[in-house]
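S.K.:
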Amino acid sequence: MSAFVPHARVRLVNAFARPYENAVATARTCYSAKGIVTPDEVARQPEVRDRIARGIYAAGHHTTFQHAHFQFTLENVSRHFIWDFLHSHPFYNSEQVSQRYVRVRPDAMVIPPLEGKAREVYVQTLQVQVEAYEQLIHMLMPAVEQAYFERFPHHRPKKGGKAHRLARRWIPRKAQEVARYVLPVATTAYLYHTISLLTLFRYYRLARQCDVPTETWSVVQAMVQEVLRWDPELERLFEEPIPLEETLEYAYWQEGCESNPWQKEYREEFDRSLEGFRSRLVGYKENNEALLAQGVREVLGLPRARLSDEEAIALVLDPRRNRYLAEALNLTAHAKLTRVLHHPSYTFRKKLSHTADSQDQRHRLTPGSRPLMSAYLTEEPDYITPALIREEEAARRYYAEVMEQIWAGIGTLRRMGVPGEYASYLLPNAVAIRFTESADLLGLHHKLRMRLCYNAQEEIFTASVEEARQIAQVNPRIGQYLGPPCRLRYLAGVKPYCPEGERYCGVRVWELGIG
Numbered sequence: 003m004s005a006f007v008p009h010a011r012v013r014l015v016n017a018f019a020r021p022y023e024n025a026v027a028t029a030r031t032c033y034s035a036k037g038i039v040t041p042d043e044v045a046r047q048p049e050v051r052d053r054i055a056r057g058i059y060a061a062g063h064h065t066t067f068q069h070a071h072f073q074f075t076l077e078n079v080s081r082h083f084i085w086d087f088l089h090s091h092p093f094y095n096s097e098q099v100s101q102r103y104v105r106v107r108p109d110a111m112v113i114p115p116l117e118g119k120a121r122e123v124y125v126q127t128l129q130v131q132v133e134a135y136e137q138l139i140h141m142l143m144p145a146v147e148q149a150y151f152e153r154f155p156h157h158r159p160k161k162g163g164k165a166h167r168l169a170r171r172w173i174p175r176k177a178q179e180v181a182r183y184v185l186p187v188a189t190t191a192y193l194y195h196t197i198s199l200l201t202l203f204r205y206y207r208l209a210r211q212c213d214v215p216t217e218t219w220s221v222v223q224a225m226v227q228e229v230l231r232w233d234p235e236l237e238r239l240f241e242e243p244i245p246l247e248e249t250l251e252y253a254y255w256q257e258g259c260e261s262n263p264w265q266k267e268y269r270e271e272f273d274r275s276l277e278g279f280r281s282r283l284v285g286y287k288e289n290n291e292a293l294l295a296q297g298v299r300e301v302l303g304l305p306r307a308r309l310s311d312e313e314a315i316a317l318v319l320d321p322r323r324n325r326y327l328a329e330a331l332n333l334t335a336h337a338k339l340t341r342v343l344h345h346p347s348y349t350f351r352k353k354l355s356h357t358a359d360s361q362d363q364r365h366r367l368t369p370g371s372r373p374l375m376s377a378y379l380t381e382e383p384d385y386i387t388p389a390l391i392r393e394e395e396a397a398r399r400y401y402a403e404v405m406e407q408i409w410a411g412i413g414t415l416r417r418m419g420v421p422g423e424y425a426s427y428l429l430p431n432a433v434a435i436r437f438t439e440s441a442d443l444l445g446l447h448h449k450l451r452m453r454l455c456y457n458a459q460e461e462i463f464t465a466s467v468e469e470a471r472q473i474a475q476v477n478p479r480i481g482q483y484l485g486p487p488c489r490l491r492y493l494a495g496v497k498p499y500c501p502e503g504e505r506y507c508g509v510r511v512w513e514l515g516i517g
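Sequential numbering from 3 applies to the sequence shown in our numbering.
1. Give the C-beta separation of LEU446 and ILE516 to the nearest angstrom, bearing in mind that I take them to be a contact with Cβ-Cβ under 8 Å.
2. Do you know how far the Cα of ILE315 is from the Cα of PRO321?
3. Kindly provide the ranges of any beta strand (DSSP E) runs that are 3 or more residues long and lie completely inside the segment 339 to 371, ordered along the chain.
4. Around the Cβ of GLU381, are there at least 16 other Cβ atoms within 10 angstroms (buried) or fewer (exposed)?
5. Give me the DSSP bridge partner(s) of GLN98.
6. Using the beta-carbon count (16 or more within 10 Å), is MET225 buried or exposed?
7. In the segment 434 to 480, which residue ranges form an unbroken alpha helix (DSSP H) of at least 4 residues, counting only runs that do not cross its ends?
8. Please list, in chain order, all residues of the same chain as THR66 whose beta carbon is under 8 Å from its beta carbon, the five residues on each side excluded.
9. Taking 8 Å as the threshold, find out whether the segment 210 to 219 comes into contact with the segment 245 to 252 through three or more Cβ pairs.
10. With a threshold of 8 Å between beta carbons, is GLU468 in contact with chain B?
11. For the candidate residues HIS195, LEU200, GLY118 and GLU133, whose alpha-carbon lies nearest to that of GLN68?
12. Identify, in the order they occur along the chain, each residue of the same chain with its Cβ nearer than 7 Å to the Cβ of LEU293, setting aside the five sequence neighbours on each side.
13. So what does DSSP say about ASN324, is it helix, strand or coil?
14. Using the Cα positions of GLY503 and PRO186, report the straight-line distance between them to the nearest angstrom.
15. Check whether the Cβ atoms of PRO486 and VAL511 lie closer than 8 Å to each other.
16. Among residues of its own chain, excluding the 5 on either side of ARG323, which ones have a beta-carbon nearer than 8 Å to its beta-carbon?
17. For SER1, which residues does DSSP report across the bridge?
18. Please report the straight-line C-alpha distance between TYR499 and ARG280, rounded to a whole angstrom.
19. Output yes or no for whether 8 Å exceeds the beta carbon distance between LYS175 and ARG107.
20. When the Cα of THR387 is compared with those of TRP232, GLU513 and ASN431, which residue comes out closest?
21. Taking only three categories from DSSP, how would you classify MET111?
22. If you check the beta carbons only, do ILE84 and ALA10 fall under 8 Å apart?
23. Which partner residues does GLU122 have in the DSSP bridge list?
24. What is the rounded straight-line gap between the Cα of LYS119 and the Cα of GLU406?
25. In angstroms with no decimal places, state the Cα-to-Cα distance between THR414 and ALA397.
26. Straight-line CA distance for ASP273 to MET452?
27. Does the structure place the segment 11 to 22 close enough to the segment 68 to 80 that three or more beta carbon pairs sit under 8 Å?
28. LEU443 and LEU343: beta carbons closer than 8 Å?
29. Could you check the C-alpha separation between PRO305 and PRO383 for me, to the nearest Å?
30. From which residue to which residue does the alpha helix (DSSP H) around LEU520 run?
31. Could you compute how far the alpha carbon of VAL433 sits from the alpha carbon of ARG81?
32. Thinking C-beta only, is PHE6 closer than 8 Å to SER220?
33. From which residue to which residue does the beta strand (DSSP E) around GLU77 run?
34. For the ligand ATP, any of its heavy atoms closer than 7 Å to the Cβ of ARG510?
35. I'd like the list of long-range same chain contacts for ILE38, defined as Cβ closer than 7 Å, with 5 residues on each side in sequence excluded.
36. Starting from ARG308, follow the alpha helix (DSSP H) in both directions and report where the run begins and ends.
In structure tokens form, the structure reads like this:
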């Protein structure tokens, strides 16, 4: 079989100098009575260097390998792979081309190694999705224009002239943001991706796990080869990848998800448990507020008689008292007092589209139990419909027809014996992702601050509103202080209240309650 088309392109564009010897130097410094040990000193004793490197690796003393970082550019990698592997953990940084703001090219699609009729069915289904994307942009533009000019009437075109430049930029972007729901997770992306040497070790060890072992192995292998060209000494430390059949999920993926007769029952059970929510609060510490207040008193060394629970919570969460919350930088993990936000915690059960979850996933301090995508290769379409499409009857009917065609294409491939790994690339961005997400208040506060902004993507905004309201219901002394950046800045008296500049949504959100 041929390789994926187009071929992924991996380049190492920035790297830590002498990462192998640096790791040994940092390790030796821990036991040095003479001060800092340098990589130059380490290099003068290669046998000692190699013995220490192997020893600290085998013993699990891996912080020494976190110092060295590598920055890669990745091109022609699927969003399926990015969601499943690159962004499924907290130890990375990525800057990725946005489907919300950049029009997707018709040829920006991964084609797995298929041949003959299977390849033909796959490509035909891709074509349906690409054409639907363009058609939906066209169908949605009038509704988007109407909504935009109702919010910004002064941006309407003057007689015989053009609309305001922001209108010309924003309106098509909003239409394509919604239309992208029909695009497959096979859509390619390009990005900067920065990780430590330790994370690269982990990538290589687990590069053959589900869901996309072929693409994952290809990309990770290329990343490792780039790094070994930079520092060949590191080859001594890379362990061989765990074979797919020995990975933890394999038995269930192979025997369960490939032909799971309980998938429909699971979906219905999960959806009932949401009780109408997109994100439902299913767990929290009963003493969240008491824990938070006591943490504040512990930091300040004050008894309860000197600082009540209500006053303590206000001190750390009310922007009028804690002006750190109005900073553009997120300082909560670094300031001694705001670290008490680690104590309260919440668990939400959620159902989002793949495209919305790809954004939710980027909040690395609010991790979730995301599913194997192979479990979603069922006969019945299972997807999320954006609000704008639901409100436009012609677009809604067309969208539903396209979803039927997509799942029909996937079903045809499965009946032809195409592995779930390859068929899953056709799943649309709209495919419903069901998972549970847990976070402490420190991570959740930052996420809600960013996603309660009216510029946030519709689904993640709606889910965030639900989460904030439910927190306020069970912990009112905490929930009253949750809000978007403009609200926090308004309470702190920091102008401009909206930090988005030209991206201002047009609504005085800082004067409103949640949602």
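Every residue, glycine too, gets a C-beta built ideally from N, C-alpha and C.
M.R.: In short, the structure shows the following:
1. As a first step, residue 446 must be located in the sequence shown, where it is residue number 444. As a first step, residue 516 must be located in the sequence shown, where it is residue number 514. With a Cβ gap of about 14 Å, LEU446 and ILE516 do not count as contacting.
2. Translated into the one-based positions of the sequence shown, residue 321 becomes position 319. Translated into the one-based positions of the sequence shown, residue 315 becomes position 313. Roughly 11 Å between the two C-alpha positions.
3. 347 to 355
4. For the purposes of this step, residue 381 is taken as residue 379 along the sequence shown, with counting starting at 1. Result: exposed.
5. Along the sequence shown, read from residue 1 onward, the residue named residue 98 stands at position 96. In the DSSP output, where bridge partners are listed per residue, GLN98 has LEU193.
6. Mapped onto the sequence shown, residue 225 falls at position 223. With 16 or more other Cβ atoms within 10 Å, it is buried.
7. 443 to 453 and 460 to 476
8. Taking the sequence shown and counting its residues from 1, the one referred to as residue 66 is at position 64. For THR66, where only same-chain residues beyond five positions count, the Cβ hits under 8 Å are ALA25, VAL26, THR28, ALA29 and ILE58.
9. yes
10. Here there is only one protein chain, and chain B is not present.
11. Along the sequence shown, read from residue 1 onward, the residue named residue 68 stands at position 66. GLN68 has its Cα closest to that of LEU200, out of HIS195, LEU200, GLY118 and GLU133.
12. Mapped onto the sequence shown, residue 293 falls at position 291. Same-chain partners within the cutoff: LYS287, HIS345 and PRO346.
13. Taking the sequence shown and counting its residues from 1, the one referred to as residue 324 is at position 322. Correct three-state label for ASN324: coil.
14. Numbered from 1 along the sequence shown, position 501 holds the residue referred to as residue 503. Numbered from 1 along the sequence shown, position 184 holds the residue referred to as residue 186. One C-alpha to the other measures close to 33 Å.
15. Against the sequence shown, residue 486 aligns to sequence position 484. Against the sequence shown, residue 511 aligns to sequence position 509. A contact, by the Cβ cut-off of 8 Å.
16. Here residue 323 refers to the residue found at position 321 of the sequence shown. Around ARG323: ALA316 and LEU317.
17. Nothing in the structure corresponds to residue 1, since the chain is present only between 3 and 517.
18. Counted from its first residue, the sequence shown places residue 499 at position 497. Counted from its first residue, the sequence shown places residue 280 at position 278. Taking the straight line from one Cα to the other gives about 29 Å.
19. On the sequence shown, residue 175 is found 173 positions in, with the first residue counted as 1. On the sequence shown, residue 107 is found 105 positions in, with the first residue counted as 1. The residue asked about is misnamed: residue 175 is Arg in this sequence, not Lys. No, Cβ-Cβ distance for ARG175 and ARG107 is not below 8 Å.
20. Here residue 387 is taken as the residue at index 385 of the sequence shown, counted from 1. Nearest C-alpha to THR387: ASN431.
21. As a first step, residue 111 is located in the sequence shown; it is residue number 109 there, counting from the start. Here MET111 sits in strand by DSSP.
22. For the purposes of this step, residue 84 is identified with residue 82 of the sequence shown, where counting begins at 1. For the purposes of this step, residue 10 is identified with residue 8 of the sequence shown, where counting begins at 1. Not a contact, by the Cβ cut-off of 8 Å.
23. Sequence index remark: in the sequence shown, residue 122 carries index 120 (1-based). Looking at the DSSP assignment, GLU122 forms no beta bridge with any residue, so it has no partner.
24. Start at 1 with the first residue of the sequence shown, and residue 119 comes out as number 117. Start at 1 with the first residue of the sequence shown, and residue 406 comes out as number 404. Cα to Cα, LYS119 sits roughly 20 Å from GLU406.
25. In the sequence shown, residue 414 corresponds to position 412, counting from 1. In the sequence shown, residue 397 corresponds to position 395, counting from 1. Each residue's alpha carbon lies about 26 Å from the other.
26. Translated into positions along the sequence shown, residue 273 becomes position 271. Translated into positions along the sequence shown, residue 452 becomes position 450. Going by the C-alpha atoms only, they are around 27 Å apart.
27. yes
28. Along the sequence shown, one-based indexing puts residue 443 at 441. Along the sequence shown, one-based indexing puts residue 343 at 341. It is a contact, given that the beta carbons lie within the stated cut-off.
29. One-based indexing of the sequence shown puts residue 305 at position 303. One-based indexing of the sequence shown puts residue 383 at position 381. C-alpha separation (whole angstroms): 58 Å.
30. Here the chain comprises residues numbered 3 to 517, so residue 520 is not present and cannot be evaluated.
31. As a first step, residue 433 is located in the sequence shown; it is residue number 431 there, counting from the start. As a first step, residue 81 is located in the sequence shown; it is residue number 79 there, counting from the start. One C-alpha to the other measures close to 13 Å.
32. Stepping through the sequence shown from its first residue, residue 220 is reached at position 218. Stepping through the sequence shown from its first residue, residue 6 is reached at position 4. Result yes, Cβ atoms of SER220 and PHE6 sit closer than 8 Å.
33. Mapped onto the sequence shown, residue 77 falls at position 75. GLU77 -> beta strand (DSSP E) spans 71 to 80.
34. Only the bare structure without any ligand can be found here, which leaves the ligand ATP out of the picture.
35. Along the sequence shown, one-based indexing puts residue 38 at 36. So the qualifying residues of the chain are THR31.
36. What you label residue 308 is simply residue 306 of the sequence shown in a count that begins at 1. Unbroken run through ARG308: none, as it is neither H nor E.
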